[in-house]
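Under full-length UniProt numbering, the first residue of the sequence shown is numbered 1, with each subsequent residue one higher. For glycine and all other residues, C-beta sits at the position ideal for the given N, C-alpha and C. Everything below concerns the one structure shown next.
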Amino acid sequence: MVSPAYSKCWRLPGQCQYLGLPVADYFKQWINLKKAYSFAMGCWPKNGLLDMNKGLSLQHIGRPHSGIDDCKNIANIMKTLAYRGFIFKQTSKPF
């Protein structure tokens, strides 16, 4: 799952061009977890992972904005939504 913020912030397309590499197709699509959550739960998570964990009655793991802890929280949120029957779909448009 790659967010548009990642591809723009880290300037992935420009870096690939600089290195003479193609941008891999899997970087051209992603699922925005906030959008997926709002489709599944009917409300927008204003405070991101903290709100999504709370809305799903999940315990927040670790510290906010810690890379590995965020990954664990994202995985738990996605696993819980999938267990409840939510079907994830691409929310991005290829760049």
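By the 16-neighbour rule on beta-carbons within 10 angstroms, A24 is exposed. In this structure, L56 and T91 do not form a Cβ contact; the two beta carbons are roughly 19 Å apart against a cut-off of 8 Å. For the pair S38 and W30, the CB atoms are not nearer than the 8 Å cut-off. Bounds of the alpha helix (DSSP H) holding P13 are 12 to 19.
When the beta-carbon positions are compared, N32 and L49 stay at least 8 Å from each other.
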